[in-house]
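A.B. asks: If you're matching them up, the sequences are chains A and B in order. Residue numbering for the first sequence is 1 to 399, as defined by the numbering used here. Residue numbering for the second sequence is 1001 to 1399, as defined by the numbering used here. Structure below; questions to follow.
Number of protein chains: 2
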Amino acid sequence: MEYIISERMKSLKGSAIREIFKYAADPSVISLAGGNPDPALFPNEELAGIAKELLEDQPVASLQYGITEGYTPLREAVKERLKRVENIGRADDELIIVSGGQQGIELITKCMVNEGDAVIVEEPSFIGATNAFRSYGAKLVGVPVKEDGMDVDVLEKILSERSDVKMIYTIPTFQNPMGVTMSVEKRKRLYELAVEHGVLILEDNPYGELCFDGKKTPTIKSMDKEGIVAYSGSFSKILAPGLRLGYLCADRSLIAKAVIAKQVSDVHTPCLTQMMANEFMKRYDLDGLIQKMRASYAHKCGTMLKAMDEYFPKGIFYTRPNGGLFIWCDLGNGIDTLALSKKTIAEKVVYVPGCTFMTDMEKPCSALRLNYSTMSDEKIVEGIKRLGKPFRDAVAAAK
Amino acid sequence: MEYIISERMKSLKGSAIREIFKYAADPSVISLAGGNPDPALFPNEELAGIAKELLEDQPVASLQYGITEGYTPLREAVKERLKRVENIGRADDELIIVSGGQQGIELITKCMVNEGDAVIVEEPSFIGATNAFRSYGAKLVGVPVKEDGMDVDVLEKILSERSDVKMIYTIPTFQNPMGVTMSVEKRKRLYELAVEHGVLILEDNPYGELCFDGKKTPTIKSMDKEGIVAYSGSFSKILAPGLRLGYLCADRSLIAKAVIAKQVSDVHTPCLTQMMANEFMKRYDLDGLIQKMRASYAHKCGTMLKAMDEYFPKGIFYTRPNGGLFIWCDLGNGIDTLALSKKTIAEKVVYVPGCTFMTDMEKPCSALRLNYSTMSDEKIVEGIKRLGKPFRDAVAAAK
């Protein structure tokens, strides 16, 4: 049979990261291409005890169908935590547990974006989100990102010129892929522009807790008085991603629609994993665990930056993140990092070419994303060292 | 802010079953409205031991990000089982693990159905599926269901008259909500019609294993030579629904698209739950567990039918299922079972009104769905007894 794929899905391709991961599976290759949290920090012994107890003592709650909104005690615990840690939660806000942050993004898109509508995204941005928008036929409109976040002047211009913008997607804190954080001033202006133009903000904050110095920038959602911000959060980077647990907090009328969308998507997030996260928060010190993560990632990021200072060609740009999992590096000089990745693969090291994160993925891009979260210091230094020569050669040849 | 909901989601309402479930939460109410498997048959002790061991011994595999296609050993185990039990698996077929059977339906719809395309469904059919189709802007075209399954003459007529049909959705075995099974002859004809008209069949088979006499009707997918059948299976009714585990088997080119759709939906199904199902199948006797379910549901179904014979008005129609979880009852006489449900709620008993399962949910319907899977014999008999008087009164008044 010849399958006539739907218009919305026809042109959507698998993530380029997946192709690069094929090489990353070779143990002699150092992968700086990942985005995984460090498994050494997973509280697996604690979760093992919890899982056993839940299945033994609460077989119906843990194994029977649950409600679409999520396991009630977990919802309450997340609401309490969001209020305490991020000052999030208007009287008219509601919260739904989702199957990882990705699902929150998809549900909001399904509920809000018609085929042909425009969605404003940071350029570069997270491919999981941009592909979710593409999968509903959205037109992506990119806004450049500076070291203090999205260029809000460009945003203002787009909003004043176009009437088809349905949503603004932003990862304001420790952005994927750049690692940069939007300033408080820009957050305020972004919020005001959204209110002025009546456009929903989708604030994605999977990395916000991973601030190296423990200092948090106020979320855009914490400024929300109008219900114009939908906030996507996740347990993937603060507990364990394999559990596939996230949450979506937005005005209750919007969450009510998201619940209907989730009902036809996966009915509900598994009960056991929800109950495990809830019990972990009740019995153990999640904030303490996050402290350990901050210290570990701060150290690894510092190690990578020091190696980059030593081995990378002089005069190129890279970010110096204060949190999160990623460093963004721009070789400039018209270098195509996708083509260059073939050379670095020969050196047994991989990264993610910048084009992956762009609204136009076909256009050559001189930037790339590096990740440091899962490796030993030795591997981080060795990986950067291996990139050094091809990077220096490429820059020298391009000049 | 005023939210302008997308066209596809604008008119989609929550399931009517959810409203009825509110009454079902009252412990004095007997709910015949559910669709849950019997939690007494959940192998929770076995799963507790498995979960603990997996989290202790394989923390990375069970808690780190996994691949979108699913946990490889589980995929292999399900393929092997499908081949052995259902004779499913062409050389060009592939299989993806999904987050419950519902997700398989949603992914195929997203990949195949454009807004405005027609999807043929049995009338009545499973609301989770019909709402998934609605959520992608599909036009639903109903085909009546007889005691031996979908009326294939009507199907043939529709296929010859319309060119906008993209998919035929069927639950051929122990259909939800009717409990009936499509004959082998009709399955063959349905398959041939689909091939002739080049229309994909989505075969949904969550109840097929629950055959009271252990005799199986060949799946439509087992007849598939063209790759024209996408098969949706589930662990919800043979292991535990709270795990949210299902699988989708179809031509590899279609599965490749479904993988991309799943990547933007929830990245992957949780690792732990997938590994638990895989370990359970390795260590324990899933076929033996299913045998117990068959015997238990056969007994409960028999108990309900006997009570219906005794307490229900004479001369009305109801199905006598050979498997699955549901009995369909038609009071006829122009009775509106949605209106009637208000009276039965006063008698402390609830069912699902037939209109819920129809393409036009606003039209009054004289049928209703009954479920017997989770209750004691006493409750089943008492529930049917409570329905008896309002049903007899309604039929007497309507005559």
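Here a beta-carbon is modelled for each residue, glycine too, at the ideal position from N, C-alpha and C.
At a CB distance below 9 Å, what residues from the stretch 1262-1277 of chain B approach chain A? Give them in sequence order.
C.D. replies: Residues passing the 9 Å Cβ filter: Q1263, V1264, S1265, D1266, V1267, H1268, T1269, P1270, C1271, L1272, T1273 and M1276.
A.B. asks: Quick one, which of B:M1375, B:L1387 and B:A1250 has its alpha-carbon nearest L1340 of chain B's?
C.D. replies: B:L1387
A.B. asks: Would you mind reading off the limits of the alpha helix (DSSP H) that contains K379 of chain A?
C.D. replies: According to the DSSP assignment, K379 of chain A belongs to the alpha helix (DSSP H) that extends over D377 to A398.
A.B. asks: DSSP state of Y1311 of chain B, grouped into three classes?
C.D. replies: helix
A.B. asks: Quick one, which of A:M167, A:N131 and A:S232 has its alpha-carbon nearest T173 of chain A's?
C.D. replies: A:S232
A.B. asks: Going along the chain, which residues of its own chain have a beta-carbon closer than 7 Å to the beta-carbon of A1298 of chain B, five neighbours each way excluded?
C.D. replies: F1212
A.B. asks: Count the other CB atoms within 10 Å of the CB of T414 of chain A; is the residue buried (16 or more) or exposed (fewer)?
C.D. replies: As displayed, chain A neither begins before 1 nor continues past 399, which places residue 414 of chain A out of reach and without an answer.
A.B. asks: In whole angstroms, what is the alpha-carbon distance linking K110 of chain A and Q102 of chain A?
C.D. replies: 12 Å
A.B. asks: State the Cα-Cα distance for the pair G302 of chain A and Y372 of chain A, rounded to the nearest angstrom.
C.D. replies: 9 Å
A.B. asks: Whose CA, out of B:M1182, B:L1370 and B:I1108, lies closest to the CA of I1228 of chain B?
C.D. replies: B:I1108
A.B. asks: So I1088 of chain B contacts chain A; which residues on that side make the cut at Cβ distance below 8 Å?
C.D. replies: Chain-order list of chain A residues neighbouring I1088 of chain B: empty, with the shortest C-beta distance near 16 Å, by a criterion of under 8 Å.
A.B. asks: G1066 of chain B touches chain A at which residues, Cβ-Cβ below 7 Å?
C.D. replies: G242
A.B. asks: Beta-carbon of E56 of chain A versus every beta-carbon of chain B: anything under 8 Å?
C.D. replies: Yes, E56 of chain A lies at the interface with chain B (some Cβ there is under 8 Å from its Cβ).
A.B. asks: So if DSSP puts E1147 of chain B in a beta bridge, which residue, or which two residues, is it bridged to?
C.D. replies: Answer is none; E1147 of chain B lacks a bridge partner.
A.B. asks: Mind listing, in chain order, the continuous alpha helix (DSSP H) runs of no fewer than 4 residues lying wholly within the stretch 1182-1242 of chain B?
C.D. replies: 1184-1197
A.B. asks: Pull the bridge partners of Y1318 of chain B from the DSSP assignment, please.
C.D. replies: B:C1329
A.B. asks: Round the Cβ separation of T356 of chain A and I158 of chain A to the nearest angstrom and send it over; I've been treating them as touching at under 8 Å.
C.D. replies: Taking C-beta atoms under 8 Å as the contact rule, T356 of chain A and I158 of chain A fail to qualify, at a distance of about 23 Å.
A.B. asks: As an exercise, report each continuous alpha helix (DSSP H) stretch of at least 4 residues that is fully enclosed by the stretch 95-140 of chain A, in chain order.
C.D. replies: You should have 101-112 and 127-134.
A.B. asks: Short of 7 Å Cβ to Cβ, which residues in the stretch 1016-1042 of chain B face chain A?
C.D. replies: N1036, P1039 and F1042
A.B. asks: Enumerate, from N- to C-terminal direction, the unbroken alpha helix (DSSP H) stretches of 4 or more residues contained entirely within the stretch 252-315 of chain A.
C.D. replies: 252-263, 271-283 and 286-311
A.B. asks: Using the beta-carbon of each residue, which ones in chain A are nearer than 8 Å to I1228 of chain B?
C.D. replies: M1
A.B. asks: Quick one: list the residues of chain B neighbouring I97 of chain A, beta-carbon separation under 9 Å, in chain order.
C.D. replies: Going along chain B, no residue has its Cβ under 9 Å from I97 of chain A, so there is no contact; the nearest lies around 12 Å.
A.B. asks: Output the distance between the C-alpha atoms of D1238 of chain B and I1290 of chain B, rounded to the nearest integer angstrom.
C.D. replies: The amino acid at residue 1238 of chain B is misidentified as Asp; the sequence shows Ile. When rounded, the distance between both Cα atoms is 6 Å.
A.B. asks: With H, G and I counted as helix, E and B as strand and the rest as coil, what does DSSP make of R244 of chain A?
C.D. replies: coil
A.B. asks: Mapping the DSSP letters down to three states, classify G354 of chain A as helix, strand or coil.
C.D. replies: helix
A.B. asks: Reducing DSSP to helix, strand and coil, say where K166 of chain A ends up.
C.D. replies: strand
A.B. asks: Should the stretch 1030-1048 of chain B be called in touch with the stretch 217-226 of chain A, which here means at least 3 C-beta pairs below 8 Å?
C.D. replies: no
A.B. asks: What residue range is occupied by the uninterrupted beta strand (DSSP E) comprising N1371 of chain B?
C.D. replies: A1367 to N1371
A.B. asks: Are the CB atoms of M150 of chain A and V119 of chain A nearer to each other than 8 Å?
C.D. replies: no
A.B. asks: Find the nearest neighbour of G1323 of chain B within the set B:P1124, B:T1217 and B:C1271, judged by alpha-carbon distance.
C.D. replies: B:T1217
A.B. asks: Report the partner residues of G1089 of chain B according to the DSSP bridge assignment.
C.D. replies: According to DSSP, G1089 of chain B bridges with nothing at all.
A.B. asks: Any idea what DSSP makes of I400 of chain A, helix, strand or coil?
C.D. replies: The shown model of chain A, from 1 to 399, leaves out residue 400 of chain A, and the question about it has no answer.
A.B. asks: Output yes or no for whether 8 Å exceeds the beta carbon distance between Y1247 of chain B and I1067 of chain B.
C.D. replies: no
A.B. asks: Using the beta-carbon of each residue, which ones in chain A are nearer than 7 Å to C1329 of chain B?
C.D. replies: Those do not exist, as C1329 of chain B stays about 23 Å from chain A at its closest Cβ, beyond 7 Å.
A.B. asks: With a CB to CB cut of under 6 Å and the five nearest residues on each side skipped, what residues in its chain are close to G1383 of chain B?
C.D. replies: I1030, L1032 and V1349
A.B. asks: With the cut-off set at 8 Å, would you say D1092 of chain B and C1249 of chain B are in Cβ contact?
C.D. replies: no
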